[in-house]
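The sequence shown runs 4 to 180 under my numbering.
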Amino acid sequence: MKNSKSGFTLFEVLVATAILALGILAVVQGRTNSMRNVIESEKIGIATQLAQAKMAEMELKYQAQVDQSPGNIESIFGEETGKFEEPFEAYAWKVVFRESKIEFKKDDLKALLVKFGMEEDEAEIQIESQTLFINNLNKALKTNFGELLVRVEWTQFGNKRNVPVVTHLIPAKPKLE
């Protein structure tokens, strides 16, 4: 009579258990990541809406000041901070009105003209012939044009997060010299 034993060895059971545990861990990790992504997406959506609302409010406020100070926009530069009211008290805002970084540079204008099909030498001649205009345009931008930045910030999973919104303001009647 042959004595045959059928079944699994302890090693086989341990390997199968380890594989099952890894599979369950992967599913749990995927679900956790998915939930984090849903929460993050919701918070970003809320922050974006709050930033847009704050931008509309600040744009009206600063535009009125810009319209009253044509040619002297630097006097308005500054920043403000605050927190949103319930149920958004976890979000803070920061508003910065500052000098715009927009400037027309000769090399950039030359590259643009060349890109539109003008010969490089001709583009350079055109730019040089308009140097006074370009300089005056940059001066007018510097004295009349400001950048308004609204940033909504919050902490999520121990990390600081933020959503920025930017626009530019110019007086209704810019002062040109």
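Every residue gets a Cβ at the ideal spot worked out from N, C-alpha and C, and that includes glycine.
Contacts around residue i, its chain only, beta-carbon distance under 7 Å, and the 5 residues preceding and following it disregarded
i: Gln-68; result: Ile-79
i: Glu-82; result: Lys-97, Val-98 and Val-99
i: Leu-13; result: none
Under the three-state DSSP convention, the category residue i falls into
i: Thr-12; result: coil
i: Gly-33; result: helix
i: Lys-178; result: coil
i: Gln-159; result: strand
i: Ser-149; result: According to the sequence provided, residue 149 is Gly. The question's Ser does not apply to it. Of the three classes helix, strand and coil, the one that applies to Gly-149 here is strand, per DSSP.
Distance between beta carbons of residue j and residue i, contact taken as under 8 Å
i: Val-99; j: Leu-152; result: 5 Å
i: Asn-147; j: Ile-130; result: In fact, because the Cβ distance is near 23 Å, the residues do not count as touching under 8 Å.
i: Ser-72; j: His-171; result: About 15 Å; that fails the 8 Å criterion.
i: Gly-74; j: Lys-178; result: 3 Å
i: Glu-60; j: Arg-101; result: About 18 Å separates the two Cβ atoms, so there is no contact after all.
i: Asp-70; j: Ala-175; result: 5 Å
Close beta carbons around residue i, own chain, < 6 Å, minus the five adjacent residues each side
i: Val-155; result: Ala-50, Leu-53, Ala-54, Tyr-94, Trp-96 and Val-166
i: Trp-157; result: Ala-93, Tyr-94 and Arg-164
i: Lys-57; result: Trp-96 and Val-153
i: Glu-106; result: Asn-141
i: Val-169; result: Leu-152
Cβ shell of residue i (< 8 Å), same chain only, five flanking positions each side left out
i: Arg-39; result: Phe-160
i: Met-121; result: Gln-129
i: Phe-91; result: Ile-49 and Leu-53
i: Gln-66; result: Leu-172
i: Lys-108; result: none
i: Ile-42; result: Gln-159
i: Thr-84; result: Ala-95, Trp-96, Lys-97 and Val-98
Exercise. Determine, using beta-carbon pairs with one atom in the segment 113-123 and one in the segment 38-50, whether at least three such pairs fall under 8 Å.
Key: In short, these stretches do not touch, since the Cβ pair count stays below three.
Quiz item: Residue ranges of each beta strand (DSSP E) run of no fewer than 3 residues wholly in the segment 46-117, ordered along the chain?
Solution: The qualifying runs are 81-86 and 95-102.
Quiz item: Hey, is the segment 18-32 in contact with the segment 123-140, meaning 3+ C-beta pairs nearer than 8 Å?
Solution: Taking a contact to require three or more Cβ pairs closer than 8 Å, the segment 18-32 and the segment 123-140 do not qualify as touching.
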